[in-house]
Structure formats: structure tokens, C-alpha cells
Amino acid sequence: MKLLSFVALILLATFCSAQNFKYAFVTDTHVGTATGEEDLRRTVADINSQKDIDFVVVTGDVTEMGTNEELKLAKEILSGLNKKYYVIPGNHDTGWSESGGVSFIKEFGSDKFTFDYNGYRFIACASGPYVRMSDGHIPRDATVWLDSLLRKTPKSMPIIYINHYPLDNSLDNWYEAVDKLKNKNIQYAICGHGHVNKAYNFEGIAGTMGRSNLRAKDSIGGYNIVNMMSDTVYFTTRKPNGEMLPTWRKIALKTFQNDNKTYDRPNLDINKKYSDVKAVWTYHSDANVVNTPAYSDNLVVFGNSLGLVEALDIKTGKKIWKFQTKGAIYSSPVISASKMVIFGSGDGHVYALNLKDGKIVWKTAAQKSVLGSPIIQNEVAFIGASDNTFNALDLRTGKLKWQFKDVEGTIVGKPLIYGNKIIFGSWGRHLYALETTTGNLIWKWNNGSSNRMFSPAMATPIGVKNTIYIAAPDRVLTAIDANTGNTLWRNAEAKVRESIGLSADSSLVYGKTMQDEIVAYKTTRSDEGIAWKMNVGYGYEHTPSDLIEKNGKLFFGTKNGTVYCISPINKAIIWAYKLDNSMVNTFNVMDDKTVLMSTMDGKIALLKSSK
0 MKLLSFVALI LLATFCSAQN FKYAFVTDTH VGTATGEEDL RRTVADINSQ KDIDFVVVTG
60 DVTEMGTNEE LKLAKEILSG LNKKYYVIPG NHDTGWSESG GVSFIKEFGS DKFTFDYNGY
120 RFIACASGPY VRMSDGHIPR DATVWLDSLL RKTPKSMPII YINHYPLDNS LDNWYEAVDK
180 LKNKNIQYAI CGHGHVNKAY NFEGIAGTMG RSNLRAKDSI GGYNIVNMMS DTVYFTTRKP
240 NGEMLPTWRK IALKTFQNDN KTYDRPNLDI NKKYSDVKAV WTYHSDANVV NTPAYSDNLV
300 VFGNSLGLVE ALDIKTGKKI WKFQTKGAIY SSPVISASKM VIFGSGDGHV YALNLKDGKI
360 VWKTAAQKSV LGSPIIQNEV AFIGASDNTF NALDLRTGKL KWQFKDVEGT IVGKPLIYGN
420 KIIFGSWGRH LYALETTTGN LIWKWNNGSS NRMFSPAMAT PIGVKNTIYI AAPDRVLTAI
480 DANTGNTLWR NAEAKVRESI GLSADSSLVY GKTMQDEIVA YKTTRSDEGI AWKMNVGYGY
540 EHTPSDLIEK NGKLFFGTKN GTVYCISPIN KAIIWAYKLD NSMVNTFNVM DDKTVLMSTM
600 DGKIALLKSS K
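Numbered per numbering that gives the first Met the number 0, the sequence shown spans residues 0 to 610.
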């Protein structure tokens, strides 16, 4: 008996020893910043010097702006590791990406991963946002994948979950991941994003945020060593000069017990308050939709982040046809009078499809991804690409009519045709005005900031009374002379960011502020200040989407899935409708009682109001 007990203890000790392992937890490397490359190279060399590190996880914001060059450099540095590494993107890798996330996947193989190690299952998802400013969002295709993966995961198998954002409301759909994980044997979650070491509790799930690898105000950067023991995990910061700081975080490893408490969740109560508006139908795509659906005849057409174009019956929401491209689609399609669907894809092409059946009519190649949205005039399709060009294409053939090659940065927005000018912005700081017939540069404008993140890329210009209005991420409404590109006035009073619209009579520019209020400015060539404002109560807001007026009603969407219809005259909410909890894209107001909308989570809906 004593011998058997002794053997059992030996086997138990051997088992526990086998379960012990270490991994490096690196995050927020921001290659592309002043010290990002050097700091990451030091960390890679330091990790390589340690024989007891089993693998490395990199939890996002690998680069500063997600450019192809930054991604290639980051891949080259990380490929110098002498052990296996796993990586997911962060908001900096996707929010300003010139490929809509396609290049990240090309460089690193995927934007999500799972692997098993010593009995533990590691699961990591991307968290966006993609191409637009918004809250973090676990992509729709990732939640579908996570659902499938967890169904195949034994209930007793210990799980470690990895995301760039914390599993809290900085992700608009945090609860989808949390609720799924709490039904399994989740041990803990790790994340980056905040650049500091921080302990979390995500509704009963132990969480750990890791420090940025950047040196910041220090002389050297740092990362975390995660030591997995049989019953405890320890987090210790290591400097890439070999200095180990005291262990700052430890978590007990044990079978997860769901506390079954009720936690706050986004609700649809606002729909009860405004019962006069209903969704005639709702369709849920299998990936993010970050564009405005087009409609014509009996069809609604849009693309998703897996490169799939879908056409739905406008009366029923049933799928009629689909077309697959090889890159994410963030381009809002347009439908020509000849019934062709024109759009760009992350695979580097502009497409024209037959509206009726989705068959390809033509496609034209660019040198990089095409994320910008097209606009059509006089049998010409105008569209920008990520290869520093803006293009005019023959609508019938797709052949190039002219090309402007001197765009700084990526084009992701929708252009404006105003008189003989086509006007558009980019993530290269400038707003451009080109001649529509030749592509010659008439003028270019910038807001004086050298920071590319303040570029007028997602701000749709408005043209009226020989004036161009724009609100870049610098939170300033600007009036620009349409002929010269000279600044007429700038007003920062209301903090309008990327979301403006023109009144039906062209007398007002509407703006969506970053906190609760809709404001209006007179369309004058001198700054007369705010004409009026209305507290709608939508909360904190930062998503780029147009405001649209029709028949005395003003429509706009928010970052939390809600569409509002207000009266600019009475300063009152007419109705509101919440579809989900993710960003509402600019939508189509078909008439003053019918709205065709889409959200980042891939939902398309046709709303009808009785008011």
C-alpha cells in the first residue's frame, strides 16, 4: 500500500511538472513609432536568450498605422524569434489599415488563432475596429468561429482567452465572448491596449492587461513573462536587458465556476418606447458589414469583411445572389443607371457586377487594396485606392480614363462631386479637389496638423454656395472656398467629428457631436457660430456617419446600433430604433418613413415608421 501511494505521488509530481511552462506576453509594440522597431528588436533578442520560454503571444497594436510597410517590418522582426509565436491585430493595425486588414492576414496567416499546449487551449480573436473609428468589436466572423470552436472544446478543458481590448464595454460586444467563455472552463484572459500592467475581473473571469513593449518615458521597454504552474499563474515584467521585476500578478488555476450573476447588458428597451417604428426584416451576414448598402429595383446589395457581396430581396430580406472577392469590402457600392453594381475590394480590384444575377461585367486592378467608395457621373466611376491614386474609370468597360497619382495616404471615404470638381480626403492629412474631366489637381487642403490621425479621410465633404464643409477627427467644423481651397472659417465649439449633413434647403450644415447633441450651422462664408443645438441623449459618440434630412425629418446613427429620427424644427425625437450594439454605418433614407440600415456586426435591416 505504501509503495502504491509512493508511486502515485511520483506520478502526480511528474504530471504537475509536465504542466509547468512559461510564455512571453508581448503587446502594443507599435512598430512605426519613433522607438517601436528598436524596442521590439531588443525584446526578440532577449526572448531568444531564454531557453525556458516555450512560446510567445503578441496581443495587438503590432504597428502604429497598419501600413503594409509597417506590417512587413514587424513580421521580419518577429520572424527572428527562435520559438513559436502567435499574433493578433489591435485597433492600430486595422483602424487605419490601407488593406482593410487583408495585409495583416497575408503577413501573419490569420487575425485569430487557437492552439493547445500542455492541456490548455489558447484562443485569440481580433477586435477591430476596421477602417472606421468606433468602439472595439470582436468581428462577426470571429464570434461565429469562436462559437464553433467552443462547441468542440470539452467542458473540462482549461481555456486561456486572448484579445487586444479588455473584455469590458470598450468592446461593444464584449458580452458575446464573456457569456460563451463562462460556460466553459475559462482560467483567465489577457489583453493589451492600455499600455500598463493592470489586474482585471471580467464578470468573474480573471483578466490581465500587459504593459506596452514601448519604452515610453523610460530608457528601455518591457514585456511580461507568464509562468504557468500546476495551480497558479504568475505574471512578471521583464526588461529586455535581462532585469526581472517582482511578480506583480498571480491567478489561481482551478475549475471555473460560473457565478450565474446578472450583469448589465445592452438592451432594446428604446424600441418599446418608440413602438411606431419596426424592422420589416433583418438579415445577419456572417462577417462585419462596414459600408452603406445600395438598393435598386427589388434588390439590396452590400459587401462584408470576408469579401462576400450579397444581394437581398428588398421586400423580404432573403438572399438572391452572392459574389466572392478575395479581400475585405469596406467600399459602399453604387448602382448605375445601366444596373451595374460598382465597388472596391481589399483584393486590389474595382468590380462591376450585373445587378440582376451578380455576374461579373468587368474588374479593374489597382496596385493595392481599394477601400474607398465610388461615385458615378456621366458614365464615369470615380474611386480612390490605397496605392496613392484616385481613378476615373469608364463605366461601361472599367478602363482607366485618367488617374491622379499624388495622393498621400489611404483613401477610405466617399468623394463629393461639386461643379467641375471631385473632392475627397485620405489618411495622408489632405483634402483634394481634382478636375472631373482631366484629374488635374485644382487644390489640396489640410488642417495644419502633422498627425495623420487627424486626416479628413472618413469625413464626407459637403458642397453648397461655393463652399466645402468638412469635419475631420480634429473635431473642428471647417468651411473651405470651393475654388481656391483656402480656409474660410473653423469652429471647434461643438466638437463635431466626421459626421455632418446638409439640410434639404441647403441653409444649414448639421453636425453630430461627441456627446449627446446635434448642432446646426448656417451655410455662410463667415463663422456665425452654432445656429441651434439639441440634446438627443445618445451618449458618447465618435463613429463617422452622415446626417440625412428628408421631408423635415433628420436621420442619423450611433456607435451603439441606434438610428434616430428627429425634428429639426421642434427639436424633438420622432422615433428611435436600436438594432444591435455596434456601429451604424451611413444608411439610405428611402423616404421619410423608410430607412435601409446596416451595422458593423453584419446586420442589415429595413425599418418602417408610421410617423
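The C-beta atom is built at its ideal place from N, Cα and C for all residues, glycine as well. In this text, all values refer to a predicted model and were calculated from it rather than measured experimentally.
Asked: Counting pairs of Cβ atoms below 8 Å between the region 566 to 574 and the region 248 to 257, do you hit three or more?; Found: no
Asked: Nearest chain D C-beta to Leu553 closer than 8 Å, yes or no?; Found: Included in the structure is just one protein chain, with no chain D present.
Asked: With a floor of 4 residues, list each alpha helix (DSSP H) that falls wholly inside the region 152 to 211, ordered by position along the chain.; Found: 173 to 180
Asked: Measuring CA to CA, which of Ser48, Thr93 and Tyr84 is closest to Thr66?; Found: Thr93
Asked: Helix, strand or coil: how does DSSP classify Gln18 here?; Found: helix
Asked: Assuming Tyr483 and Ser506 form a contact by the criterion Cβ under 8 Å, report the distance between their Cβ atoms to the nearest whole angstrom.; Found: What sits at residue 483 in the sequence shown is Thr, not Tyr. Not a contact, Cβ separation roughly 23 Å.
Asked: Tell me which residues share the same chain as Met228 and place their Cβ nearer than 6 Å to its Cβ, disregarding the 5 neighbours each side in the sequence.; Found: Asn19
Asked: Where does Asn353 fall in DSSP's three states?; Found: strand
Asked: Use the C-beta contact count for Glu516: other C-beta atoms within 10 angstroms, 16 or more gives buried, fewer gives exposed.; Found: buried
Asked: By Cβ distance, which residues of its chain are closer than 6 Å to Ala519, with the 5 residues on each side in sequence left out?; Found: Leu507, Tyr509, Ala530 and Trp531
Asked: Here's the rule: buried if 16 or more other CB atoms are within 10 angstroms of the residue's CB, otherwise exposed. What is Arg428?; Found: buried
Asked: Nearest-angstrom Cα distance between Lys260 and Asp167?; Found: 16 Å
Asked: So Glu106 is in the alpha helix (DSSP H); what residue range does that whole segment cover?; Found: Val101 to Phe107
Asked: Just mark Gly528 as buried or exposed, buried being the case when its beta carbon has 16 or more other beta carbons within 10 Å.; Found: exposed
Asked: Do you know how far the Cα of Asp45 is from the Cα of Gly241?; Found: 7 Å
Asked: Only counting the same chain, and skipping five residues up and downstream in sequence, which positions put a Cβ closer than 7 Å to that of Thr254?; Found: Asn184
Asked: Answer with buried or exposed for Ala336, where buried requires no fewer than 16 other C-beta atoms within 10 angstroms of its C-beta.; Found: exposed
Asked: Around the Cβ of Val594, are there at least 16 other Cβ atoms within 10 angstroms (buried) or fewer (exposed)?; Found: buried
Asked: Within the same chain, show all residues whose beta-carbon is closer than 7 Å to that of Asp473, passing over the 5 residues directly before and after it, in chain order.; Found: Asn446, Ser448 and Phe453
Asked: Does DSSP classify Ala44 as helix, strand or coil?; Found: helix
Asked: If you draw a straight line from the alpha carbon of Leu11 to that of Ala604, how long is it in whole angstroms?; Found: The pLDDT assigned to Leu11 is 40, lower than 50, so where the model puts this residue is not dependable; a value taken from the coordinates is nonetheless given after this. One C-alpha to the other measures close to 57 Å.
Asked: Using 7 Å as the cut-off, classify the Cβ of Arg150 as near or not near the heavy atoms of the ligand GTP, replying yes or no.; Found: Of the ligands one can find in the structure shown there are none, so the ligand GTP has no counterpart to examine.
Asked: Give a yes or no on contact between the region 135 to 152 and the region 34 to 51, applying the rule of three or more CB pairs nearer than 8 Å.; Found: no
Asked: Taking C-beta to C-beta, are Glu106 and Lys71 nearer than 8 Å?; Found: yes
Asked: Using the three-state DSSP reduction, which class does Val225 fall into: helix, strand or coil?; Found: strand
Asked: Is it right to say Met208 is buried, meaning 16 or more other beta carbons lie within 10 angstroms of its own, or is it exposed?; Found: buried
Asked: Which residues in the same chain as Asp545 place their Cβ atom closer than 6 Å to its Cβ, once the five residues preceding and following it in sequence are excluded?; Found: Thr459, Gly500 and Thr585
Asked: Take Asn439 as the anchor and find which of Lys420, Arg237 and Pro455 has the nearest alpha-carbon.; Found: Lys420
Asked: Could you tell me the alpha carbon to alpha carbon distance between Tyr563 and Arg214, rounded to whole angstroms?; Found: 44 Å
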